[in-house]
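One structure is given below, encoded as structure tokens.
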Amino acid sequence: MSRKKVSSNQVRGIARKRMDILVRLSEKEALGGNMPRAKRYMTIARRISGRNKVPMPKGALYCRRCSTPLVPGLNCRVRLRNHRVGTHCLECDNIRRTPYLMEIKERRTCRQGR
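Numbered per the numbering used here, the sequence shown spans residues -18 to 95.
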């Protein structure tokens, strides 16, 4: 008896759902103070992401070096400098800088519209 083959789109959909669940659980555990379990959930979500070529959920804030779910005010520091958002992980001292481009693009369109 042969097994029914699952399409790659179905596999990716299942992977997205599981990653969403794991990210939510990870954030919940981080807020509860259970960091080893939160790290483990995030590591599993990242592994699923890499294995199935599915990007991590957009709202997931995590440290790429130590896989800690980042909760501002609890285990990370957020600073705004020079058109960038700097997220500093307090677990491993990794700094992640991302530009905030949407606000800059909005300003450009407003200036051109005058």
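Ideal Cβ positions, reconstructed from N, Cα and C, are used throughout, including at glycine.
Check: Within a Cβ cutoff of 6 Å, which residues of the same chain sit near residue 87, ignoring the five residues on either side of it in sequence?; Outcome: none
Check: Assuming residue 67 is part of the beta strand (DSSP E), what are its boundary residues?; Outcome: 65 to 70
Check: The alpha helix (DSSP H) with residue 12 in it runs from where to where?; Outcome: -11 to 13
Check: What residue does the beta strand (DSSP E) around residue 80 start on, and which one ends it?; Outcome: 76 to 80
Check: Identify the continuous alpha helix (DSSP H) that holds residue 27 and give its terminal residues.; Outcome: 16 to 33
Check: Excluding the five sequence neighbours on either side, which residues of its own chain have a C-beta within less than 8 Å of the C-beta of residue 70, listed in chain order?; Outcome: 44, 46, 47, 49, 51, 56, 57, 76 and 77
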